[in-house]
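Visitor:
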Amino acid sequence: MIQGMQRASLRSFCLFFLTVLLTVSCTSINSNNGETNSNSQTRAPSEITTSDTDRNNELRDRIEQISQMAQGRVGATATVLETGESVSLNGDQQFPMQSVYKFPIAMAVLAQVDQGNLELDQTIRIEASDIVQDSQILEENSQGKEFRLAELLQYMVSESDSTACDALLRLIGGPQQVTAYLSNLGINDIVVANTENEIQFGQDPTLQYRNYATPDAAVHLLRAFHEGQGLSDSSHASLQEWMTETSTGPNRIKGLLPEGTVVAHKTGTSATVDGVTAATNDVGIVTLPNGQHLAIAVFVSDSRASGTVREEVIAKVAKAAWDEWSQ
Numbered sequence: 005m006i007q008g009m010q011r012a013s014l015r016s017f018c019l020f021f022l023t024v025l026l027t028v029s030c031t032s033i034n035s036n037n038g039e040t041n042s043n044s045q046t047r048a049p050s051e052i053t054t055s056d057t058d059r060n061n062e063l064r065d066r067i068e069q070i071s072q073m074a075q076g077r078v079g080a081t082a083t084v085l086e087t088g089e090s091v092s093l094n095g096d097q098q099f100p101m102q103s104v105y106k107f108p109i110a111m112a113v114l115a116q117v118d119q120g121n122l123e124l125d126q127t128i129r130i131e132a133s134d135i136v137q138d139s140q141i142l143e144e145n146s147q148g149k150e151f152r153l154a155e156l157l158q159y160m161v162s163e164s165d166s167t168a169c170d171a172l173l174r175l176i177g178g179p180q181q182v183t184a185y186l187s188n189l190g191i192n193d194i195v196v197a198n199t200e201n202e203i204q205f206g207q208d209p210t211l212q213y214r215n216y217a218t219p220d221a222a223v224h225l226l227r228a229f230h231e232g233q234g235l236s237d238s239s240h241a242s243l244q245e246w247m248t249e250t251s252t253g254p255n256r257i258k259g260l261l262p263e264g265t266v267v268a269h270k271t272g273t274s275a276t277v278d279g280v281t282a283a284t285n286d287v288g289i290v291t292l293p294n295g296q297h298l299a300i301a302v303f304v305s306d307s308r309a310s311g312t313v314r315e316e317v318i319a320k321v322a323k324a325a326w327d328e329w330s331q
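First residue of the sequence shown? That's 5 in the numbering used here, and the numbers climb one at a time after it.
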């Protein structure tokens, strides 16, 4: 009798224990389900998240698509100087600069002014024999003329005058002095090796490729210039003004940007030989609507496209970067 009562009590205890265990388990499951549902309602789906990397890749893809128009090589790098946001296509490849190299030449000359070795008001005589092809610096039939150093700099930068360029290179000791100046700024992928006269009148068509830059290095130089590295404030202001007044290449970086956009830039263009143009370039600093600055370098090389199309490539690349970062 007593054993029967004990067995009944044991069964009752086991039933009670199982009931409690099941109740706790169900409560835990319901609680966990509640947390999962809550999280699924507040967490954004990963597939609709757009990261900076995604946007950068999309912009690069657009630039690469634009580059197909060139029927040649295209290198482009663009950076918002205040934020570091950047995009690059073939940014580490070497491209012939042509007259883009007048920008670092101007910096090297102005650095000599800052050091007291030259003066903006000193005069340099240009003889008729110094004239480089297509230069308009001397009037027709002129035997020679004296120019202030500041005038020659303005001619070289704003008008891309090659006679002024070679005169300034002679004044500072030759192209190698520019490359040395750049090296002191920490820029090693821009090389100035030859004068305009050597390039235009030389018999070697590959000579122009010795004056080269990578798009990344060109933007590095633009950043250094913007930040005032290697130049005094007054020299920086003068060069900034001359680059803003550039008369060449209005359909390149500036081509598709809103009217009135401030662009300080330097272009470069080669001759077309057997249907191939070695260089159609533009590098510069664009002031964005929010006051930030876009440093951009676009090089179109070995292209079989027309001049209009080559310039359109540069304009469309600049517009793509503008659209990305002007919001």
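Here a beta-carbon is modelled for each residue, glycine too, at the ideal position from N, C-alpha and C.
For the candidate residues T83, G79 and L124, whose alpha-carbon lies nearest to that of A228?
Guide: Per the Cα distances, T83.
Visitor: From the DSSP output, in three-state form, read off S166 for me.
Guide: The answer is helix: DSSP assigns S166 an H, G or I state.
Visitor: When the Cα atoms are used, what is the spatial distance from T179 to S146?
Guide: Per the sequence shown, residue 179 should be read as Pro rather than Thr. P179 and S146: Cα-Cα distance of roughly 28 angstroms.
Visitor: Please determine if the segment 182-192 and the segment 144-162 are in contact, where contact requires at least 3 C-beta pairs separated by less than 8 angstroms.
Guide: Segments in contact, no.
Visitor: Just curious, the beta strand (DSSP E) that S187 is in, first and last residue?
Guide: Unbroken run through S187 is the alpha helix (DSSP H), P179 to N188; no beta strand (DSSP E).
Visitor: One question on the structure: do V104 and V287 come within less than 7 angstroms of each other, judged by their Cβ atoms?
Guide: Result yes, Cβ atoms of V104 and V287 sit closer than 7 angstroms.
Visitor: Return the first residue and the last residue of the beta strand (DSSP E) that G288 is part of.
Guide: T284 to T291 is the span of the beta strand (DSSP E), which, as asked, contains G288.
Visitor: Along the alpha helix (DSSP H) that carries E202, what are the first and last residues, could you check?
Guide: First-last of the alpha helix (DSSP H) with E202: E200 to F205.
Visitor: Please name the residue, chosen from G76, E89, A74 and L85, that lies closest to N61 on a Cα-to-Cα basis.
Guide: Answer by Cα proximity: E89.
Visitor: Do I191 and H224 come within 7 angstroms of each other at the CB atom, strictly closer than that value?
Guide: It is a contact, given that the beta carbons lie within the stated cut-off.
Visitor: Give, in chain order, every unbroken run of the beta strand (DSSP E) that is at least 3 residues long and sits entirely within the segment 231-275.
Guide: If we require 3 residues or more, the beta strand (DSSP E) runs fully inside the segment 231-275 come out as 267-273.
Visitor: Between the segment 91-98 and the segment 271-288, are three or more C-beta pairs nearer than 8 angstroms?
Guide: Cβ pair count under 8 angstroms is below three, so no.
Visitor: With a cut-off of 8 angstroms on the beta carbons, I'd call V313 and I300 a contact; round off their distance for me.
Guide: V313 to I300, Cβ: 19 angstroms. No contact.
Visitor: Who are the near neighbours of L142 in its chain, counting only those whose CB is closer than 8 angstroms to its CB and skipping five residues on each side?
Guide: Around L142: I130, A132, I135, G148, K149 and T167.
Visitor: Excluding the 5 residues flanking P108 on each side, which residues of the same chain have their C-beta closer than 7 angstroms to its C-beta?
Guide: Around P108: V182, L186, I194, V196 and L225.
Visitor: Count the other CB atoms within 10 Å of the CB of D237; is the residue buried (16 or more) or exposed (fewer)?
Guide: Exposed is the call here.
Visitor: Assuming A112 contacts I176 under a Cβ cut-off of 8 angstroms, what Cβ separation, rounded to an integer in Å, is found between them?
Guide: About 6 angstroms separates the two Cβ atoms, so the contact holds.
Visitor: Could you have a look at E131 and say whether DSSP puts it in helix, strand or coil?
Guide: Of the three classes helix, strand and coil, the one that applies to E131 here is strand, per DSSP.
Visitor: Taking A171 as the reference, give the member of W246, F151 and T210 with the closest Cα.
Guide: A171 has its Cα closest to that of F151, out of W246, F151 and T210.
Visitor: What does G148 pair with, by DSSP beta-bridge criteria?
Guide: In the DSSP output, where bridge partners are listed per residue, G148 has E131.
Visitor: Whole angstroms is fine: what's the gap from A282's alpha carbon to P219's?
Guide: Their Cα atoms are separated by approximately 15 angstroms.
Visitor: Could you tell me the boundaries of the alpha helix (DSSP H) in which R314 lies?
Guide: Note, R314: alpha helix (DSSP H), G311 to W329.
Visitor: Can you tell me which residues form a DSSP beta bridge with P100?
Guide: Partner(s): Y216.
Visitor: Apart from the five residues just before and just after T127, which ones in its own chain have a Cβ nearer than 8 angstroms to its Cβ?
Guide: Only E150, F151, R152 and L153 meet the Cβ criterion.
Visitor: What is the rounded straight-line gap between the Cα of V302 and the Cα of L189?
Guide: About 22 angstroms.
Visitor: Relative to the alpha-carbon of S164, which residue among K106, T199 and R214 has its alpha-carbon at the smallest distance?
Guide: Of the listed residues, the one whose Cα sits closest to S164 is K106.
Visitor: Is it buried or exposed for S71, if we count other Cβ within 10 angstroms and need 16 for buried?
Guide: Buried, because 16 or more other Cβ atoms sit within 10 Å of the Cβ of S71.
Visitor: Would you identify the three-state DSSP class for S71, choosing helix, strand or coil?
Guide: Looking at S71 - three-state DSSP - the assignment turns out to be helix.
Visitor: Where does R308 fall in DSSP's three states?
Guide: Of the three classes helix, strand and coil, the one that applies to R308 here is coil, per DSSP.
Visitor: Could you give the residue range of the alpha helix (DSSP H) that holds V113?
Guide: Element bounds for V113: K106 to D118.
Visitor: State yes or no: is the C-beta of L235 within less than 7 angstroms of the C-beta of L85?
Guide: Taking 7 angstroms as the Cβ cut-off, L235 and L85 do not qualify as a contacting pair.
Visitor: With distances taken from CA atoms, which of T81, S310 and K323 is nearest V277?
Guide: The candidate whose alpha carbon is nearest that of V277 is S310.
Visitor: Do you know offhand how far R4's Cα is from D327's?
Guide: Because the chain is modelled from 5 through 331, residue 4 falls outside the range shown and cannot be assessed.
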